[in-house]
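Asks:
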Amino acid sequence: MPCALHSSALAVLEPWQAPTPRQEQLRERYVAHLRAQPLGVLRECYPDHLTASTVVVSADRRQVLLTLHRKAQRWFQLGGHVERGDPTLAAAALREAREESGIDTLVLDPVPVQLSAHPVPFCDPRGGVTHLDVRFVATAPAGAAHAVSAESLDVAWWPVDELPDPQPDMVELVALALARLG
Numbered sequence: 001m002p003c004a005l006h007s008s009a010l011a012v013l014e015p016w017q018a019p020t021p022r023q024e025q026l027r028e029r030y031v032a033h034l035r036a037q038p039l040g041v042l043r044e045c046y047p048d049h050l051t052a053s054t055v056v057v058s059a060d061r062r063q064v065l066l067t068l069h070r071k072a073q074r075w076f077q078l079g080g081h082v083e084r085g086d087p088t089l090a091a092a093a094l095r096e097a098r099e100e101s102g103i104d105t106l107v108l109d110p111v112p113v114q115l116s117a118h119p120v121p122f123c124d125p126r127g128g129v130t131h132l133d134v135r136f137v138a139t140a141p142a143g144a145a146h147a148v149s150a151e152s153l154d155v156a157w158w159p160v161d162e163l164p165d166p167q168p169d170m171v172e173l174v175a176l177a178l179a180r181l182g
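Just so you know, UniProt numbering puts 107 at position 107 of the sequence shown, and the rest follows in order with no gaps.
1) Spatial neighbours of Leu10 within its chain, please: C-beta separation below 6 Å, excluding the five flanking residues on both sides.
2) Which residue marks the beginning of the beta strand (DSSP E) containing Asp48, and which one marks its end?
3) Count the other CB atoms within 10 Å of the CB of Gly128; is the residue buried (16 or more) or exposed (fewer)?
4) In chain order, what residues of the same chain have a beta carbon less than 8 Å from the beta carbon of Val31, not counting five sequence neighbours either side?
5) Using a Cβ-Cβ distance cut-off of 8 Å, determine whether Arg98 contacts chain B.
6) Might you give, ordered along the chain, the residues of its own chain that have their beta carbon closer than 7 Å to the beta carbon of Asp48, omitting 5 neighbours on each side?
7) So Val171 is in the beta strand (DSSP E); what residue range does that whole segment cover?
8) Rounded to a whole number of angstroms, what is the C-alpha to C-alpha distance between Thr20 and Glu172?
9) Which residues mark the beginning and the end of the beta strand (DSSP E) in which Gln63 is found?
10) If we call anything under 8 Å between Cβ atoms a contact, is Leu50 one with Gly40?
11) Among the candidates Ile103, Ala150, Leu108, whose CA atom is the shortest distance from the CA of Gly143?
12) Given this structure, state the Cα-to-Cα distance separating Pro164 from Gln37, to the nearest angstrom.
13) Using only CA atoms, which one of Pro166, Leu181, Val120, Asp161 lies nearest to Gln63?
14) Taking Leu94 and Leu108 to be in contact with their CB atoms under 8 Å, please state how far apart those CB atoms are, rounded to whole angstroms.
15) Expressed to the nearest angstrom, what Euclidean distance is found between the alpha-carbon atoms of Glu28 and Glu99?
16) Count the other CB atoms within 10 Å of the CB of Ser7; is the residue buried (16 or more) or exposed (fewer)?
17) At 3 residues or longer, what runs of the beta strand (DSSP E) sit wholly inside the segment 128 to 154?
18) So is Gln17 buried or exposed if we call it buried at 16+ other beta carbons inside 10 Å?
19) Helix, strand or coil: how does DSSP classify Val31 here?
Take a look at the structure:
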């Protein structure tokens with residue numbers, strides 16, 4: 001039986017206006033996944049499940065806050081698994097961003113900016129897991145002090161045009177986030 005979060009995820013993703021044809025293909029994949037999997041928003045759904053993440057942008061729009069992920073050993077936006085107590089994907093993304101950054105005063109745009117489906121070999125001992133990540137943007141207030149959580153090796157501000165690991169997916173995420181913020 002689908003939970004309220006499952007219905008909420010469909011309500012967000014079905015009408016979402018994808019910014020590119022590739023993003024539209026992912027949107028269709030996510031919606032099909034949710035229609036086929038009543039627990040598709042939760043990590044118990046193997047091998048694919050939704051995750052929620054947030055790219056945090058500085059108040060002056062010149063920097064993004066990224067985490068050096070302990071398991072992946074790479075720089076990413078803040079995020080993680082959706083939990084049963086999360087009322088929406090946006091709430092899950094904001095919870096993860098607050099937990100991983102230590103910044104409680106983030107302001108989140110509740111409309112996704114990007115989708116990303118990617119394999120995560122370290123997520124499950126059975127292997128073969130794919131995260132269907134729903135990505136949001138949040139703004140940090142000027143002068144906000146961040147912390148490093150146990151999930152991270154480091155958390156740091158990076159200039160938007162000097163990302164530490166400029167993978168195409170991350171470059172697109174930052175560009176879409178900045179465009180959304182105006």
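Think of the CB as a built atom: it goes at the ideal place given N, C-alpha and C, for glycine as much as any other residue.
Since this is a predicted model, take the numbers as computed values, not measurements.
Replies: Short version:
1) As a position in the sequence shown, residue 10 is number 10, starting the count at 1. Around Leu10: Leu34.
2) What you label residue 48 is simply residue 48 of the sequence shown in a count that begins at 1. Asp48 -> beta strand (DSSP E) spans 48 to 57.
3) Counting from one through the sequence shown, the residue named residue 128 turns up at place 128. Exposed.
4) Residue numbering aside, residue 31 sits at position 31 when the sequence shown is read from its first letter. These residues qualify, in order along the chain: Leu10, Leu13, Glu14.
5) This model lacks chain B altogether, as it is built from one protein chain only.
6) Residue numbering aside, residue 48 sits at position 48 when the sequence shown is read from its first letter. Same-chain partners within the cutoff: His33, Thr130, Leu132.
7) The count along the sequence shown starts at 1 and reaches residue 171 at position 171. Note, Val171: premise wrong, no beta strand (DSSP E); alpha helix (DSSP H) at 168 to 181.
8) Counting from 1 along the sequence shown, the entry for residue 20 is found at position 20. Counting from 1 along the sequence shown, the entry for residue 172 is found at position 172. Those two C-alpha atoms are separated by around 11 Å.
9) On the sequence shown, position 63 is the one that residue 63 refers to. Gln63 -> beta strand (DSSP E) spans 63 to 69.
10) Within the sequence shown, residue 50 is the residue found at index 50, counting from 1. Within the sequence shown, residue 40 is the residue found at index 40, counting from 1. Yes, Cβ-Cβ distance for Leu50 and Gly40 is below 8 Å.
11) If you number the sequence shown from 1, residue 143 lands on position 143. Just measuring C-alpha positions, the residue of Ile103, Ala150, Leu108 sitting nearest Gly143 is Ile103.
12) Position 164 of the sequence shown holds residue 164. Position 37 of the sequence shown holds residue 37. Taking the straight line from one Cα to the other gives about 36 Å.
13) Taking the first residue of the sequence shown as position 1, residue 63 is located at position 63. Ranking the options by Cα distance to Gln63, first place goes to Asp161.
14) Walking along the sequence shown from the start, residue 94 turns up at place 94. Walking along the sequence shown from the start, residue 108 turns up at place 108. The distance from the Cβ of Leu94 to that of Leu108 is about 5 Å, consistent with a contact at the 8 Å cut-off.
15) On the sequence shown, residue 28 is found 28 positions in, with the first residue counted as 1. On the sequence shown, residue 99 is found 99 positions in, with the first residue counted as 1. Glu28 and Glu99 have their C-alpha atoms some 30 Å from each other.
16) Numbered from its first residue, the sequence shown carries residue 7 at position 7. Burial call: exposed.
17) 130 to 139
18) If you number the sequence shown from 1, residue 17 lands on position 17. It counts as exposed.
19) Here the question's residue 31 lines up with position 31 in the sequence shown. It is helical.
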